[in-house]
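Taking it in order: structure first as structure tokens, then the write-up.
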Amino acid sequence: MTRYLKLLVAACLLTAAPAAQATTILQCVPIEELQSAADRGGHVVVFTGVENSGVSLIVFRNGAGEWAAAYVDANGLACIIGQGLSGRAPNNPAPSQRIPEEPA
């Protein structure tokens, strides 16, 4: 399992975990800051309603080009829960994992 998928699983567990099992939040920033990073050539992927929880999960590349993950809290802040990961974007799989297009 790639680190990217581990982040997604961790975020799903975060949304289902009771309050007593808190996840370490590295930083909370306005979601606009992530959009600004994407506008400067970054990569942001947003998953909404993870595991039917209604929580939005954001996977993005930080300034160092590493993958990071955040969820959107009740105040609209992106709370970063993991970073420094490597891997490929879900919409850019390794060539061996790509599904060939069907002929028209």
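Numbered per mature numbering (1 follows the signal peptide of the UniProt record, and there is no 0), the sequence shown spans residues -22 to -1, 1 to 82. For glycine and all other residues, C-beta sits at the position ideal for the given N, C-alpha and C.
**OP:** From the DSSP output, in three-state form, read off Ile58 for me.
**Re:** strand
Subject >> Bridge partner(s) assigned by DSSP for Ile3 >> reply: The partner list for Ile3 (beta bridge, DSSP) is empty, contrary to what the question assumes.
Original post:
Got a sec? Which residues, its chain only, sit under 7 Å from Cys57 by beta carbon, not counting five neighbours each side?
Top reply: Ile3, Cys6, Ala48, Tyr49, Asp51
Original post:
What are the start and end residues of the beta strand (DSSP E) that includes Ala52?
Top reply: Neither: Ala52 is in no beta strand (DSSP E) and is coded neither H nor E.
**OP:** For Gly54, count neighbouring C-beta atoms within 10 Å of its own C-beta (all shown protein chains included) and say buried if the count is 16 or more, exposed if not.
**Re:** exposed
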